[in-house]
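Number of protein chains: 6
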Amino acid sequence: MSRIDGRTPEQLRPVTIERGWSKHAEGSVLISFGDTKVFCTASVTEGVPRWRKGSGEGWVTAEYSMLPRSTNTRGDREAVRGKIGGRTHEISRLIGRSLRAVIDYKALGENTIVLDCDVLQADGGTRTAAITGAYVALADAVTWAQGKKIVKAGRKPLTDTVAAISVGIVDGTPLLDLCYEEDVRAETDMNVVCTGDGRFVEVQGTAEGAPFDRKELGSLLDLATAGCVDLATLQREALAGTQNA
Amino acid sequence: MSRIDGRTPEQLRPVTIERGWSKHAEGSVLISFGDTKVFCTASVTEGVPRWRKGSGEGWVTAEYSMLPRSTNTRGDREAVRGKIGGRTHEISRLIGRSLRAVIDYKALGENTIVLDCDVLQADGGTRTAAITGAYVALADAVTWAQGKKIVKAGRKPLTDTVAAISVGIVDGTPLLDLCYEEDVRAETDMNVVCTGDGRFVEVQGTAEGAPFDRKELGSLLDLATAGCVDLATLQREALAGTQNA
Amino acid sequence: MSRIDGRTPEQLRPVTIERGWSKHAEGSVLISFGDTKVFCTASVTEGVPRWRKGSGEGWVTAEYSMLPRSTNTRGDREAVRGKIGGRTHEISRLIGRSLRAVIDYKALGENTIVLDCDVLQADGGTRTAAITGAYVALADAVTWAQGKKIVKAGRKPLTDTVAAISVGIVDGTPLLDLCYEEDVRAETDMNVVCTGDGRFVEVQGTAEGAPFDRKELGSLLDLATAGCVDLATLQREALAGTQNA
Amino acid sequence: MSRIDGRTPEQLRPVTIERGWSKHAEGSVLISFGDTKVFCTASVTEGVPRWRKGSGEGWVTAEYSMLPRSTNTRGDREAVRGKIGGRTHEISRLIGRSLRAVIDYKALGENTIVLDCDVLQADGGTRTAAITGAYVALADAVTWAQGKKIVKAGRKPLTDTVAAISVGIVDGTPLLDLCYEEDVRAETDMNVVCTGDGRFVEVQGTAEGAPFDRKELGSLLDLATAGCVDLATLQREALAGTQNA
Amino acid sequence: MSRIDGRTPEQLRPVTIERGWSKHAEGSVLISFGDTKVFCTASVTEGVPRWRKGSGEGWVTAEYSMLPRSTNTRGDREAVRGKIGGRTHEISRLIGRSLRAVIDYKALGENTIVLDCDVLQADGGTRTAAITGAYVALADAVTWAQGKKIVKAGRKPLTDTVAAISVGIVDGTPLLDLCYEEDVRAETDMNVVCTGDGRFVEVQGTAEGAPFDRKELGSLLDLATAGCVDLATLQREALAGTQNA
Amino acid sequence: MSRIDGRTPEQLRPVTIERGWSKHAEGSVLISFGDTKVFCTASVTEGVPRWRKGSGEGWVTAEYSMLPRSTNTRGDREAVRGKIGGRTHEISRLIGRSLRAVIDYKALGENTIVLDCDVLQADGGTRTAAITGAYVALADAVTWAQGKKIVKAGRKPLTDTVAAISVGIVDGTPLLDLCYEEDVRAETDMNVVCTGDGRFVEVQGTAEGAPFDRKELGSLLDLATAGCVDLATLQREALAGTQNA
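From first to last, the protein sequence lines are chains A, B, C, D, E and F.
Take 1 as the starting number for the first sequence in UniProt numbering and just add one per residue.
Take 1 as the starting number for the second sequence in UniProt numbering and just add one per residue.
Take 1 as the starting number for the third sequence in UniProt numbering and just add one per residue.
Take 1 as the starting number for the fourth sequence in UniProt numbering and just add one per residue.
Take 1 as the starting number for the fifth sequence in UniProt numbering and just add one per residue.
Take 1 as the starting number for the sixth sequence in UniProt numbering and just add one per residue.
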């Protein structure tokens, strides 16, 4: 089967990770998975939310949003509607959990890092691009905090890298990193978040059409695990480079 | 390992499904998984939301909520706060998707069924009890709609049964149907939604502590699949009985 | 005149009061007035709202809500609409005032008790059932607080019992405890809240059709006072029993 | 007993009713009960809310609000808080019900009249002043609508006058038309709405301290009925005059 | 050209400033510019918002609102809609900035003055009437605060007077103080806020039709400056009088 | 005087205008005024808001927003707070008015164009960059609509170009195009919107410190007019180029 954009089933779209895209944020990344572009910033503040004060532990949280015209048809602005939709809530929570999976709260100390992931252009996989990009912004923010001695000397708040990818079954074939057109046609859709050592942080599979069986689930996990390994390499390379934006 | 309440790792809590718990709703169920009690009603209305008009197809959606004192400590009422929290949104959407997986929209015709799942008492597994109970309320509502000829003669809007169960790894051991105390201690937490034929509608696994590997994921899916088979049997038995409340 | 359900004008519907209906709440009751069922929980917390701190006095408040399908036609969920309706506000305030009428704030000490009254099924008289049931939940919560020494030894925060009933004029006849069908047809509708000694805490009468005169008002108050005496007996009996749910 | 402002127990505060206080509204009144001043406007629009279309019947509704500094201490503006408080809801509903009690919907035809009652200065009795003033604004608006033939010739949408007054028991003495200072000290507080023929539209009595008995209730109703008769006279006189503002 | 109401182009409408219109507020004014009537109250509280604590400096802010029927057609109440519109926000901010331009925060000390400007009747120029009237209410509030020693002896929190007027080009002619009918027809509309010494605090000009050139801007500023001088005189006269309401 | 970044008083910051920055929007621009970067998209939809239907005329509106970390310190997300702040409202309205000043509604026909201006990075002048960039996105959207025959052949919906710039007085010197640091120190701050022919669409000047006089106002307008001429040239050059992103 040839995919819409000529990729093989197990191939990622072109991924770019530009660091230093904001002069204000402690970490910032413009990440693209093909035509999907997400702007991720990491903001460090000393102190933690009230319920965590005095624990000696830090906190990491995330907010996700789509610009109104990031999609093919303009969507209402959630600030104008005055309420955040369920999908936005769901993805913000997923990004936060995914990043917290590689955070050592004790090593972070009583500091908070907020990741903002704003989708500038959407073409499928916005949440996985967001997680993958936010990790890089987070890593830069942690380095910044270490430089400022906000994180104590010798402490390593990051325990591993974390990346995410979507997989799905389209016309019976398991595919990696679905673009929007594939996503719409997928019978089963799964988002997988892996640490750099290939273990799972989140597995969220949904049957959009017919239910899926154990074997299909297995094929999807194989694809996703390999994809995440590739993304982890790209993250390490991005972080090894000089800040490029 | 002996569990808090003496169950074996692969054992469900006592499950009860009482039908006909509301004199108004077209389908209604009080379901309990141990101390977790969820009141599920199915409301049938002729017509569909605007975006679906003229399609000849129906719609099924769900709303989940916890009573303020369904938990150990009283929570704020979302109506009073004026906004729905992310968790509530997430679970409402999960219940809706799960039930839609067994609906033939064409057979349902341009009718809408809303499932309300209100947690009266929570002790872990509220979303899985909600899905499992809501299916039974939905089945009663469909039967009602067939009786009223709102669904055309000979049409079968339900394509299968659907049930859900939580699984998790606690102290290294995979366990079925976690109660609240086990849920808090779980390193990995997964909710699995299966159709009556044992295939997956949703798989949502989250590492609460360390990431989990493929083998652990496999054990959890084994447990969950078996649990859902048991729940499907209980659903069929409940529907075979006379309306009991 | 024979009433819809065969009652005499001065007869209550069958009333049941089940205590201990929640394993979490300090007091909890499922009360039914005929087909009207309200789930009442009492939640005790140490401390009082900011404006009352340092006064040595406690606080009691209430929140009322109807489940979306507690009525014949499904209503919107107030949390989803993002605002509480006027009727809900009005009834929550009425329940709070009614219960505070039998509270000695000094004896309660700086503790707060919140009564949640959630209507599971509505058939007229939900606010009066809520007050009557909430009193029993409140009494259990006070006993619990005395047992935990949160309320000081020898202090009696409850000064009396309190119950409520609706009365109305239907086709010229004053009736006690209107069911929904009667309520809709009533020319005058009144809710009366009485203490155990037969005095009034609240009297709220409304002409739905023609205005009412002093004599009609008198007949309604006679009916209501007698009804509240019966309810006070049922409350005492319920509290004298062992926790029955 | 001498009252704070030297009145006898059964004496109203000085009442003024200025008509024609707005050049835009179809009816408008500035009413004062002593230092309580409420600005009431009646707005006529052809057509009725969606749920009433095609019925041939009109609709009357009301909105009440207090200016932030109408009280001794500045209150938050409800528009700024983004939600209407329970008290505001309750009073808006009371005013609407009171005025609808003297409306013949058929005679009004499919037209809507909205009464806005904005408290410019509060000193107790704002809801009763609002009802009493809103009636006069409503009467002017009906006359306007008759003049414009929006209400058909020969139709009389108003069936009677309506007025309201507060009564309460202060230091054991029943008093008419409480000012703020008396209201705060009242053991029992009652608002009574009467038609011009002396019958009741609403009776809302609340024990603020000890419960009240049947005899006290009787004394309060006697006072209120007489007070409403006086207000009806003042309303008639105001409407008989030329528009005075 | 003769204006709608017979004024010359450079003539203000009749302006009245009634002080002492509220018995509760520390300063209060009913100001009218022709048929535009705005009720302005100034509320003094000791202390400042959190972000200003410990600065030794005070704060002045304003809230503007229109009563629903202050206009020809009834508008929705912002409290009922649950959100404040952009125009309201814009004008509230303008009033606050205008008054802060004549405040010496140090001399005010850590006290807050809130100006509430509620439009009772609108006929163009509501924001300029609000600023002009609010200044007088503010001056009375400052005098009150000096009397109460809330402002320290010898401190003068007001550095000058401030007033505002609208100007516009209608049918090619620059006009002062537009009434509603003129405002609707204006090609260019400008609001100018001046201190008593004739300097500008705010200049806000908008082309409603064709853009305007430098010469037209000049003519408008000439008119506005002269108008503000007249208003400053009226403000001084009002403040020199005894409290007149 | 040498400016912070070495510019002369009458010098713009480096301005870049990249067209075609979104694959979805009908017009899109990433504009930068120095470190201020605003992403502007223009979305065309056939049809107009309800109040304009049947008029034969189109509509243009705008929404402005800042990403939470576009500023030095992270701000709350307005969607999360559930309400739009006054400043956001004010700027959205300003952008809409500015663009409508160069639109011929008749020529546009019953079509709507929404401009979304999202600030990715802020360093002063975000509203002026937004207007200047939004014009270019609007021009591309109009060209698109002409190509699609949504705008009728021969119709020219744009009557001129429009651009905006800030000016201010810092330490007594009038400066063009203030960066954030200069803006904070400015005694007077003005935003000026001009059409391509050098006339004014909006002039908004505010005294942040001492009031300003007529001569200062003149100097600021001189600077701004010249700056807008330069921006108009840059807009024309950008539109003359091929789509560059």
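All C-beta atoms, glycine included, are put in the ideal place defined by N, C-alpha and C.
Which of helix, strand or coil does DSSP assign to residue i?
i	result
lysine 37/C	strand
threonine 128/F	helix
threonine 73/D	coil
arginine 214/D	helix
threonine 45/F	strand
arginine 185/E	helix
serine 2/F	coil
serine 140/D	According to the sequence shown, residue 140/D is aspartate rather than serine. In this structure, aspartate 140/D counts as helix in the three-state DSSP scheme.
alanine 153/D	coil
aspartate 160/A	coil
glutamine 11/B	coil
isoleucine 169/D	strand
aspartate 222/A	helix
cysteine 179/E	coil
Given a cut-off of 8 Å on the beta-carbon distance, is the pair residue i and residue j in contact?
i	j	result
isoleucine 131/B	serine 98/B	yes
lysine 23/C	leucine 120/C	no
threonine 188/F	isoleucine 169/F	yes
alanine 163/C	cysteine 228/C	yes
alanine 62/D	asparagine 111/D	no
cysteine 117/D	cysteine 40/D	yes
proline 157/A	leucine 221/A	no
threonine 225/A	glycine 198/A	yes
phenylalanine 212/B	phenylalanine 212/A	no
alanine 207/A	alanine 134/B	no
threonine 173/C	proline 9/C	yes
serine 43/F	arginine 81/A	no
aspartate 230/E	aspartate 123/E	no
isoleucine 4/C	glutamate 182/C	yes
isoleucine 113/C	glutamate 46/C	no
isoleucine 17/B	valine 203/B	no
tryptophan 21/A	leucine 12/A	no
List, in order along the chain, the chain C residues whose C-beta lies closer than 8 Å to that of residue i?
i	result
arginine 93/B	Within chain C, no residue comes near arginine 93/B; the closest Cβ sits about 13 Å away, beyond 8 Å.
Can you pull the chain E neighbours of residue i, defined as C-beta to C-beta under 7 Å?
i	result
aspartate 69/D	The question names aspartate, yet the displayed sequence has arginine at residue 69/D. Simply Ser22, His24, Ala25, Thr41, Ser43 and Asp116.
Applying a beta-carbon distance threshold of less than 8 Å, which residues of chain E neighbour residue i?
i	result
glutamate 78/D	Ala79
glutamate 90/F	Gly86, His89, Glu90 and Arg93
Can you pull the chain A residues whose beta carbon is under 8 Å from the beta carbon of residue i, in chain order?
i	result
glutamate 63/F	Pro68, Arg77 and Val80
Strictly below 9 Å CB to CB, what residues from chain B border residue i?
i	result
arginine 74/C	His24, Ala25, Thr41, Ser43, Thr45, Val114 and Asp116
Using the beta-carbon of each residue, which ones in chain A are nearer than 9 Å to residue i?
i	result
lysine 83/F	Ala79 and Gly82
alanine 164/B	Residues of chain A passing the Cβ test: none, with the nearest at roughly 13 Å.
Can you name the residues of chain D whose CB is closer than 9 Å to the CB of residue i?
i	result
phenylalanine 33/C	Near phenylalanine 33/C there are no residues of chain D at all, since even the closest Cβ is about 22 Å away, more than 9 Å.
Practice task
Select from the segment 95-128 of chain F all residues with a C-beta closer than 8 Å to any C-beta belonging to chain E, and list them in chain order.
Solution key: Arg97 and Ala101
Practice task
Return the residues of the segment 183-204 of chain D that lie within a Cβ-Cβ distance of less than 7 Å from chain C, sorted by chain order.
Solution key: Thr195, Arg199, Phe200, Val201, Glu202, Val203 and Gln204
Problem - the segment 46-65 of chain F contacting the segment 90-106 of chain F, beta-carbon criterion three pairs below 8 Å - result: yes
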